[in-house]
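Heads up, the thing below is written out as structure tokens.
Chains as they are written, first to last, in my numbering: chain A, 413 to 574; chain B, 5 to 631.
Below is the structure:
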């Protein structure tokens with residue numbers, strides 16, 4: 413078992429304790445870890461297993477079943493292009509293709525500099541403003557293909573400043 | 005604290021008066037409300053609200069005007085909206101820069117800001133009041149009651165709007181009487197199944213158990229649907245009250261909301277509503293002084309479409325992989341943690357307080373013979389007025405698309421409307437005058453589903469649409485049963501082949517055979533309905549499939565392998581803008597100069613073209629077209 417930093421062990425223990433009064437806490441524990449760290453690697457799953465008594469096999473099964481849980485780290489900016497029906501019929505495929513082309517990553521991948529992750533989302537319910545793109549939770553309405561380079565440049569500038 | 009019926013009555017009296025004053029102007033103030041749905045929030049509705057607050061303070065008119073954010077107005081394509089009571093003036097597509105003018109002209113000057121009014125596309129006239137806009141005229145708000153009117157983060161406004169009056173009445177009735185009332189209303193499950201809600205509750209009531217549960221299915225995964233999200237964002241207490249009534253009716257004391265993690269605003273507002281209801285004593289022990297106790301919690305989904313299936317959803321709450329369970333036993337007999345459980349959709353539960361408050365007869369006064377009440381649709385795609393609409397059952401597709409939806413944009417031809425999402429089918433122009441209800445849509449080869457309604461025009465390729473849905477299903481198949489896991493994959497491969505121009509006529513037979521097998525042999529509704537989009541497009545648009553296979557052409561010019569961009573040499577003035585923007589450098593100058601033009605025309609090298617479409621959007625002379 414690879415070593416987790418002490419602070420991480422303490423925090424994951426705290427997350428497990430937070431839900432210990434719940435009958436079936438696994439989903440909530442994993443959601444909290446995913447939100448906190450951006451991914452749930454095997455070492456963390458082993459720790460959760462020790463704390464909850466649920467087998468690693470079962471935890472791994474759950475982590476890999478749901479698309480919100482990730483085994484690898486995500487980028488600083490997670491770009492989610494909605495590919496729901498309403499967005500799709502309004503050209504969302506071209507939008508995600510453009511992101512993919514400029515960032516040189518496929519949906520589901522993270523750029524080498526660790527800045528961007530590109531995700532294809534299944535309907536975020538913002539159909540009134542299709543095609544919609546959600547970047548770190550902020551929704552960009554009616555995105556056009558030629559807006560894509562500007563969006564990426566703005567994010568790059570923001571990252572350089574930080 | 006509201007611990008008795010008397011407390012509720014007193015609060016209701018005071019609060020309904022203040023809500024009424026707000027809407028009708030009885031308090032002499034102007035009340036500004038802004039749409040706070042996901043769509044309008046992304047268009048800076050919160051910043052606009054802050055600007056209003058700052059300006060009102062600056063101008064010293066705090067005692068004359070209030071500002072609030074409310075739930076979804078429904079008319080998402082024209083957002084963000086600002087509405088001013090008591091005049092009911094509706095401003096659309098408001099920007100932060102417009103706030104100064106609204107405050108100066110309208111709030112202080114009492115004059116309407118003309119340029120921000122909605123313009124009726126048919127008459128070209130400006131409409132001042134919301135109720136006069138055609139989009140709203142044919143609607144009737146039952147499930148959406150309160151959405152766009154009350155502040156969803158303030159329990160007082162909800163109480164003033166009649167919240168908890170339904171549970172108040174239910175508590176004076178026996179369990180059986182409550183179920184009979186819901187049965188009499190004719191309410192059927194709004195999540196897609198259309199099963200009578202009262203019957204589901206009856207099953208659960210008839211089972212003896214030490215613990216029963218109500219589960220609210222808020223895992224609205226159908227792409228293109230956002231009814232449940234808007235209800236949870238706009239009036240979460242209506243859903244909580246519906247859950248309480250369900251709990252009382254069949255004897256459950258605990259409820260679970262299962263909501264998609266993709267809906268952060270809905271989750272936040274639901275959480276606030278539950279906390280406020282607990283603080284008032286409206287959730288917890290001995291509600292309104294009765295023997296009935298009820299509590300509820302939220303569980304978040306994690307991005308799996310199949311969890312909208314009720315037994316998969318229960319597995320997910322139990323911390324397992326969200327795979328469906330065989331039925332029977334049905335959840336009403338053996339559900340969450342093996343206890344009797346009723347899983348009801350958000351919209352279904354939102355209708356329940358209305359039924360108890362206004363009576364079954366009132367609810368059943370609209371609708372068709374077997375589908376009573378109203379239905380919320382998320383109208384999207386190629387239609388002018390995109391948004392959320394609630395109409396009586398029995399409204400025709402034509403009224404939905406042309407009267408409420410305002411028709412197809414840019415003068416294009418209507419092609420089909422897809423209802424029921426990936427489990428549904430498409431309906432063509434010949435069905436436009438069909439009334440919408442559960443049974444009629446099924447009879448016509450589609451289904452109601454949860455209420456997604458995507459309009460498609462002549463620019464949409466139906467083979468591509470079928471492929472899109474299959475891709476979705478293939479991705480979301482949980483993998484438990486072979487016909488769904490492998491069958492949908494094989495169907496997707498065939499469809500991909502056809503859209504790439506490599507299909508054969510034999511592929512069509514294979515698609516049909518596979519779809520039969522998947523339908524007959526899958527465990528859950530996801531698999532059983534997986535092939536519906538293919539079946540219905542094959543039934544209505546077989547010629548498009550054949551065009552892809554035999555002529556190697558995509559009639560709608562969508563499938564990239566089967567279309568080309570071309571420049572009309574006589575229309576091209578030779579400006580060269582297209583060549584500058586071409587990422588593949590495949591546009592070059594010819595030596596042909598058209599009559600009356602100074603420069604030689606441009607031409608596209610079809611072999612090098614990557615079909616990105618950049619040229620067509622830069623050409624100002626309509627010289628480039630798809631063939």
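Even glycine gets a Cβ: it sits at the ideal position worked out from N, Cα and C.
- Under the three-state reduction of DSSP, residue 192 of chain B is assigned to strand.
- Residue-level contact by beta carbon fails for residue 152 of chain B and chain A, as no gap is shorter than 8 Å.
- In terms of CA proximity to residue 266 of chain B, B:234 leads the group B:406, B:620, B:234 and B:24.
- Remark: three or more beta-carbon pairs, one from each stretch, lie closer than 8 Å, so the region 151-163 of chain B and the region 18-28 of chain B are flagged as touching.
- The three-state reading of DSSP puts residue 521 of chain A in coil, since its state is none of H, G, I, E or B.
- Across the region 527-549 of chain A, CB contacts with chain B closer than 8 Å involve 533, 534, 535, 536, 537, 538, 539, 540, 541, 542, 544 and 549, in sequence order along the chain.
- In this structure the region 439-453 of chain B does not touch the region 288-296 of chain B; the number of beta carbon pairs closer than 8 Å is below three.
- For residue 435 of chain A, at least one C-beta of chain B is nearer than 8 Å to its own C-beta.
- In this structure, residue 528 of chain B keeps its C-beta atom at 8 Å or more from the C-beta atom of residue 322 of chain B.
- Taking each of B:250, B:475 and B:236 in turn and checking the Cα distance to residue 271 of chain B, the smallest one comes out for B:236.
- Chain order gives the chain A residues near residue 266 of chain B as 533, 535, 536 and 537, where near means a beta carbon separation below 8 Å.
- An exposed status is given to residue 5 of chain B, since fewer than 16 other beta-carbon atoms sit within 10 Å of its beta-carbon.
- Note on residue 221 of chain B: 16 or more other CB atoms within 10 angstroms of its CB, so buried under the neighbour-count rule.
- At least one CB of chain A lies nearer than 8 Å to the CB of residue 42 of chain B.
- Check the Cα spacing between residue 195 of chain B and each of B:146, B:157, B:599 and B:353: the tightest is with B:353.
- The Cβ of residue 496 of chain A sits closer than 8 Å to at least one Cβ of chain B.
- Non-local C-beta neighbours of residue 315 of chain B in its own chain, meaning closer than 6 Å and more than five positions away in sequence, comprise 328 and 329, ordered along the chain.
- In the DSSP annotation of this structure, the continuous segment of the alpha helix (DSSP H) that includes residue 271 of chain B starts and ends at 268-283.
- Contact check for residue 143 of chain B against residue 394 of chain B passes: the beta carbons are separated by less than 8 Å.
- Under a criterion of Cβ atoms nearer than 7 Å, no residue of chain B is adjacent to residue 565 of chain A; the nearest Cβ is some 17 Å distant.
- In this structure, DSSP gives residue 35 of chain B an extended state, which the three-state scheme calls strand.
- Check the Cα spacing between residue 252 of chain B and each of B:311, B:225 and B:178: the tightest is with B:178.
- Along the region 307-335 of chain B, the alpha helix (DSSP H) occurs as fully enclosed runs of 4 or more residues at 314-321, listed in sequence order.
- Counted as a single uninterrupted DSSP element, the alpha helix (DSSP H) harbouring residue 462 of chain A occupies residues 454-464.
- Boundaries for residue 106 of chain B: no beta strand (DSSP E) harbours it, and the DSSP string shows neither H nor E there.
- Here the alpha carbons of residue 140 of chain B and residue 560 of chain B stand approximately 33 Å from one another.
- The C-alpha of residue 538 of chain B is placed about 15 Å away from the C-alpha of residue 510 of chain B.
- Within the region 445-475 of chain A, the residues whose Cβ lies closer than 9 Å to some Cβ of chain B are 446, 466, 470, 473 and 474, listed in chain order.
- Between residue 506 of chain A and residue 545 of chain A, the C-beta gap is not smaller than 8 Å, which leaves the two residues out of contact.
- CA-CA distance, residue 573 of chain A to residue 510 of chain A, rounds to 25 Å.
- Taken in chain order, the members of the region 412-441 of chain B whose beta-carbon sits within less than 9 Å of a beta-carbon on chain A are 422, 425 and 426.
- Residue pairing by DSSP places residue 87 of chain B opposite B:37 and B:94 in a beta bridge.
- Following the DSSP letters along the chain, one finds residue 300 of chain B inside the beta strand (DSSP E) bounded by residues 299-304.
- Separation of residue 36 of chain B and residue 81 of chain B (C-alpha to C-alpha, rounded to the nearest whole angstrom) is 20 Å.
- Looking only at B:609, B:173 and B:106, the smallest Cα-Cα distance to residue 98 of chain B is reached by B:106.
- Contact annotation: residue 343 of chain B and residue 215 of chain B have beta-carbon atoms nearer than 8 Å.
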